[in-house]
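To start, the structure itself, in structure tokens.
There are 4 protein chains.
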Amino acid sequence: MEIDMIKAGIIGATGYAGGELVRILAAHPDVEIKWYGSRSYIDQKYADVYRNMFEIVEDVCRDDNLEELAEQVDVIFTATPQGFCASVMNDNILSKVKIVDLSADFRIKDVNVYEKWYGITHPSPQYIGEAVYGLCEINREEVKKARLVANPGCYTTCSILTAYPLVKEGLIDADTLIIDAKSGTSGAGRGAKVPNLYCEVNENIKAYGVASHRHTPEIEEQLGYAAGRPLTLSFTPHLVPMNRGILVTAYAKLREVSREDGSQGLPSYEQIKAAYDHYYSKEKFVRVLERGVCPETKWVEGSNYVDIGFVIDERTGRIVMMGALDNLVKGAAGQAVQNMNLMFGLPEDAGLGLIPMFP
Amino acid sequence: MEIDMIKAGIIGATGYAGGELVRILAAHPDVEIKWYGSRSYIDQKYADVYRNMFEIVEDVCRDDNLEELAEQVDVIFTATPQGFCASVMNDNILSKVKIVDLSADFRIKDVNVYEKWYGITHPSPQYIGEAVYGLCEINREEVKKARLVANPGCYTTCSILTAYPLVKEGLIDADTLIIDAKSGTSGAGRGAKVPNLYCEVNENIKAYGVASHRHTPEIEEQLGYAAGRPLTLSFTPHLVPMNRGILVTAYAKLREVSREDGSQGLPSYEQIKAAYDHYYSKEKFVRVLERGVCPETKWVEGSNYVDIGFVIDERTGRIVMMGALDNLVKGAAGQAVQNMNLMFGLPEDAGLGLIPMFP
Amino acid sequence: MEIDMIKAGIIGATGYAGGELVRILAAHPDVEIKWYGSRSYIDQKYADVYRNMFEIVEDVCRDDNLEELAEQVDVIFTATPQGFCASVMNDNILSKVKIVDLSADFRIKDVNVYEKWYGITHPSPQYIGEAVYGLCEINREEVKKARLVANPGCYTTCSILTAYPLVKEGLIDADTLIIDAKSGTSGAGRGAKVPNLYCEVNENIKAYGVASHRHTPEIEEQLGYAAGRPLTLSFTPHLVPMNRGILVTAYAKLREVSREDGSQGLPSYEQIKAAYDHYYSKEKFVRVLERGVCPETKWVEGSNYVDIGFVIDERTGRIVMMGALDNLVKGAAGQAVQNMNLMFGLPEDAGLGLIPMFP
Amino acid sequence: MEIDMIKAGIIGATGYAGGELVRILAAHPDVEIKWYGSRSYIDQKYADVYRNMFEIVEDVCRDDNLEELAEQVDVIFTATPQGFCASVMNDNILSKVKIVDLSADFRIKDVNVYEKWYGITHPSPQYIGEAVYGLCEINREEVKKARLVANPGCYTTCSILTAYPLVKEGLIDADTLIIDAKSGTSGAGRGAKVPNLYCEVNENIKAYGVASHRHTPEIEEQLGYAAGRPLTLSFTPHLVPMNRGILVTAYAKLREVSREDGSQGLPSYEQIKAAYDHYYSKEKFVRVLERGVCPETKWVEGSNYVDIGFVIDERTGRIVMMGALDNLVKGAAGQAVQNMNLMFGLPEDAGLGLIPMFP
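Residue numbers (the numbering used here), protein chains in the order written: chain A, 1 to 359; chain B, 360 to 718; chain C, 719 to 1077; chain D, 1078 to 1436.
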């Protein structure tokens, strides 16, 4: 082990997102994991909780002591329930280590919006201002300078990246945006609850959190920045009988533009494609698919890619935008590592050369 | 076997919808199946194709000879690819037996619309006029008198029933209707194609037929009747890794109405609920769920029910309507039997007392 | 509702087996359910726990009071954890109602064996003697006269029926019997435990309870009766990512017999088939498949059938016996109703005309 | 791209095993893929067939021309149906490139056994002698020197590695060996066949190829070498509703040994464990699990590991051995790359640092 490896601590290492962080960081050439935090499994071998890690990880799980951890590591990932990270944050910690928070605590700039949607009092609103929303493709330069990164949610990453170029370029009427999202079950976490039992999820699909899901204000805020004004949109998540993957199907009215031939009308395929390419052609982790190809979650499974496709519906004047990602990778742990790479000046894709697994 | 049992023939008895017809009719107290048509398996034992029917069905599969069949049975179900039923239909057949066509051949009144979306020339447009669109809850009286019933599509049954009361009552702006539908894989049929292989579907979700799926004009036509004017809407189907079930999530702008307190504004929960109840409270097979309950496909599996729920989103002024059914029962074979019951003067639910199976 | 309907009470009505009892009894022509016992959901609407029952069951859940229940009903089904039924059993109850116990409390005649494998003290061993082991195909006459039926386990029903004729007829060396069983996840119950979460079961298969599963002594006892002497055998259950179904693959050495041509040797296909037919050809719910056909759990899903097939392996001198059933029907609730039918003099298949659902 | 990268060609690159070879080799630090052979998709972009490879693989598919390929590459992987590799093999090719054949053509030393079980005439039996059976953990030194490696089957790799130490050390009576194997559906290949459709496999389990599966003689031959004499055993494969993974549950009578205390009797846990450790403690890709832990396919998914566990059943005198691997990795492509690494003098685990993915 070289002296200048980045030392990482993970709080919440035995949740699904935490487990995925371990999977990715264990193979990262520049990182060594020094702390597997898991309040539920203190002193138990990590590999006894996740046996895929047998003979790969030898450490035991440890408590969630951020103060102590800050002395030992260079970066802390908090893959914890809402409210935890904010409740333990302080100047001392921030002065010593970089933080990538996978919870929602620092994602929303307006603390009132946070408190309304999450139903809790924010314990440390003073850090919201400096926290950088870690959607690397959009906030890359800010992330590079950040001490505290708010890693975006899984639905939000997929929703924002799918719609961002068209909102930003004014090609769609953002007030008509409707996002219908479908997620694999790992997004529900590893808590033992009846609705997440195999027999309840298998052979079943349902919507949930209709008109009330907490990722809504996060999407609205970020796409609002793109639009240059506050937005209100519809977001509906669905639970799908599969382990991993999020598919977003987003609908919006197209705005009339000057067409190539000088007439006013709906934008052409080429104009839409050009907008996506403008923002994403150089982005390694965003793949804008070829004409007519709809993304499938299976094509990105296990990888940090987001696949995006779209279809213009001339009959209705709407566009159907589609995006797919792995909720545990680009939707959580992969993006967290991407953020860490930026924060430490590493190549952005270090440790993220994960090729999607099929079938 | 009593003398006055209804004799039924099934063309396409070895497809998934045909198989479901056999399952339902085999337990129907007033029907005996006399003809298991399956061009692919002629002279093979039906129970060798569907071994669930071992020791239950002893017959062999037979050819698709409608003329001969018309001599022997009282009702013919055609669970066949588009174009077949229309290509063999004639006055002689119609004078002898009742027909329930599970294909799309006679669903769309405007033959030009049919030919455009299906890409085939309609072989017998002269029968389109008399064909009754067999959505029992809406066209019950016409079905009772029909010789030829066009059994609705799976997506369309779910989509129409979910939105119908609100379109009919003018509670939503029908031009803003967006239908995002999710289907189990049996809807894709039993054809041996790579995209329907287990490993391609499992752990995967995708949209398909975006802005071009053939059920679109069928939904538009029927909801257009409800609206009293032609409609154009967005319809996007998705393939879900499960055998059975369709979930429809439909979005529309609510129209302002006179509220209970005399003010103008969005309709209240009670007003929307009353509209649904007005049309469905006496319908056995449509269950309008209680406040806040979202339908799940698993709760209707194996049964002829459609479950409907909705959420008003005050923030966006939209309503989210949700409907769930079993695509092979209420979306195909069950509805076909419901139509047959009506055509023969039987109790509408005869043979359809199927209790949903969970888990 | 007729006066002479059988009144039934279910204790444990909100477990998966209890829910299946409700599904079957709700459609049973001779039964009305009077009591939905569920300690976890007292006073909640049953249909709020199992929404498939919306508008079908209107009752609320009630406590587990057997004394009170005995006053009100004719038969009680106990679908409860081990130890419950035995702990509340007494002469008063048995004098008033018939009991079908779906737990293991009265299945094993030797109380020491029960206490050793289950690790609990049997609270009422005095009733073990009169309890009839409710495997209808084998103990039919005893069941008819019973007050207390011990409904067999899911694995055991499948294992015993698969091997019974060959053990009974001495065609296999019972000491070589190895039973490798595979079960869907509903067999694990509806308890909220991490190992039963969707993401833990999906895309996974494992053995569990190796050399220690509690169904082992039950199989040994019953097949021991068939063999006429005590048996010891190997039984290994596996958890399969599906909701329903048990498949048993059983291996044993064939014993030499007099062949049709007078020589000594392995039994022929016809001899084995004749043994199965001897016991099962008149059994409605046991289907001995045609030569070369291997049972599949999907072909019996939702029904009370057991499908059985076998292959003679000349190379090894072994036979591979295979059996499939739906663990919640023939493996639990369906068999319980079959027992009730026998106990009350009803047709054995009353309410059990469930046709397997495919796909 | 460095000058001394190993150039690889893949024949059958669009099957599931071929696709997995591409996934692994695309990330292998010492290999570049020069030829994506696929007779079905000639001139189509490889990434149009497997869209997970979009923007990762830019090449098109090419014909199966081994002669031409031998001029261009250093190693050829043949992931092709039985008979293909043997039908094109010749001295010229073998003199120019190394071959790793993923088919069964050169796995079985006795050509009569091959022809009997596979039902085809072996087209080039003259190469059977020099072919090395590529089970690296057992034939490592031979593989290093080989020109032609017969890559083992998926079931066989799992079966052999699970039982090998105990057969080799004489701790079990090999004549009593019964192997009950369960496989994910990718093992059935990507051919469009009805039995492999989603709806036929999902919610279903079945045995197939009972007493006749072609992997049987391969297991018998290799374990026969370990036993020092020919063996006959029972092998039964099952199809499980999951994409990847094989679980083997193997049963055998334990032989009496001298116990630690000098007595004769069944071997102790420690003695069995010592046997496994003797062969595997230094093997990176074989993980002998801790006492009481049963392997699960999910814990090895996507990786080259085989996990092995066992339970001694004192009651029956048998041992239950269990092994789990990913059929597309250690059961096919991963092992092929492991063989290639040995043949080219690379670190055996080069490109195989794949961490199992969970969930």
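The beta-carbon is built from N, C-alpha and C at its ideal position, and this holds for glycine as well.
Would you say residue 552 of chain B faces chain D, with C-beta separation under 8 Å as the test?
-> yes
Is residue 350 of chain A helix, strand or coil when you go by DSSP?
-> coil
Looking at chain D, which residues of the region 329-359 of chain A have a Cβ within less than 8 Å of any of its Cβ atoms?
-> 353, 355, 356, 357, 358, 359
Whole-angstrom distance between residue 1032 of chain C and residue 992 of chain C, CA atom to CA atom = 18 Å
Got a sec: which bits of the region 1200-1218 of chain D sit with their beta carbon under 9 Å from any beta carbon on chain C, in order along the chain?
-> none
Since I believe residue 664 of chain B is in contact with residue 581 of chain B (beta carbons under 8 Å), could you give me their beta-carbon distance rounded to a whole number of angstroms?
-> With 8 Å as the limit, residue 581 of chain B and residue 664 of chain B do not qualify as a contact, their Cβ atoms being about 20 Å apart.
Closest Cα partner of residue 206 of chain A within the set B:451, B:526, B:543, B:459 = B:543
Is the CB of residue 1129 of chain D under 8 Å away from at least one CB in chain A?
-> yes
Residue range of the alpha helix (DSSP H) that residue 1112 of chain D falls in?
-> Careful: residue 1112 of chain D lies outside any alpha helix (DSSP H), inside the beta strand (DSSP E) at 1108-1114.
What's the C-alpha gap between residue 435 of chain B and residue 963 of chain C?
-> 34 Å
When the cut-off is 8 Å and only beta carbons count, does residue 369 of chain B lie next to chain A?
-> no
Assign residue 269 of chain A to buried or exposed, taking buried as 16 or more other Cβ atoms, counted over all protein chains shown, within 10 Å of its Cβ.
-> exposed
Cutoff 6 Å; reference residue 287 of chain A; Cβ partners in own chain excluding five residues on either side | 305, 307
Taking all protein chains shown into account, do 16 or more other C-beta atoms lie within 10 angstroms of the C-beta of residue 427 of chain A, making it buried, or fewer, making it exposed?
-> This structure gives no information on residue 427 of chain A, because the portion of chain A shown stretches from 1 to 359.
Using 8 Å as the limit for Cβ to Cβ distance, is residue 921 of chain C near chain A?
-> yes
Excluding five sequence neighbours on each side, which residues of the same chain lie with their C-beta closer than 7 Å to the C-beta of residue 745 of chain C?
-> 1069
When the Cβ atoms of the region 538-557 of chain B are set against those of the region 501-510 of chain B, are three or more pairs found closer than 8 Å?
-> no
Measuring only between beta-carbons, confirm whether residue 1020 of chain C sits less than 8 Å from chain F.
-> The structure shown has no chain F; the protein chains it does contain are A, B, C and D.
At a Cβ threshold of 8 Å, is residue 296 of chain A touching chain B?
-> yes
Identity of the residues DSSP links to residue 1329 of chain D by a beta bridge = D:1396
Cβ-Cβ distance between residue 171 of chain A and residue 267 of chain A below 8 Å = yes
Entirely enclosed alpha helix (DSSP H) segments - the region 794-878 of chain C, minimum 4 residues | 802-806, 809-814, 829-836, 854-863
With contact counted as at least three CB pairs below 8 Å, one residue from each stretch, are the region 367-375 of chain B and the region 1103-1119 of chain D in contact?
-> no
Could you tell me which chain A residues have their CB closer than 9 Å to the CB of residue 903 of chain C, listed as they occur along the chain?
-> 197, 198, 199, 202
Option in B:419, B:558, B:656 with minimal Cα separation from residue 805 of chain B = What is shown of chain B runs 360 to 718, which leaves residue 805 of chain B out entirely.
Counting along the chain, where does the alpha helix (DSSP H) carrying residue 899 of chain C start and finish?
-> Per DSSP, residue 899 of chain C belongs to no alpha helix (DSSP H); it is in the beta strand (DSSP E), 896-901.
Residues sharing a beta bridge with residue 739 of chain C, DSSP = Residue 739 of chain C is not bridged to any residue.
Tell me, which residues are paired with residue 1373 of chain D by DSSP?
-> C:924
Go ahead and label residue 1228 of chain D buried or exposed: buried means 16 or more other beta carbons lie within 10 angstroms of its beta carbon, across all protein chains shown.
-> buried
Where does residue 236 of chain A sit, in a helix, a strand or coil, going by DSSP?
-> strand
List, in order along the chain, the chain C residues whose C-beta lies closer than 8 Å to that of residue 16 of chain A?
-> 917
Using DSSP bridges, identify the partner residues of residue 976 of chain C.
-> C:982
Segment limits, beta strand (DSSP E) that includes residue 1301 of chain D = Element bounds for residue 1301 of chain D: not the beta strand (DSSP E) but the alpha helix (DSSP H), 1292-1304.
Going by the beta-carbon positions, is the gap between residue 1007 of chain C and residue 1047 of chain C smaller than 8 Å?
-> no
First through last residue of the alpha helix (DSSP H) which encompasses residue 995 of chain C | 987-998
CB of residue 841 of chain C within 8 Å of CB of residue 871 of chain C, strictly = no
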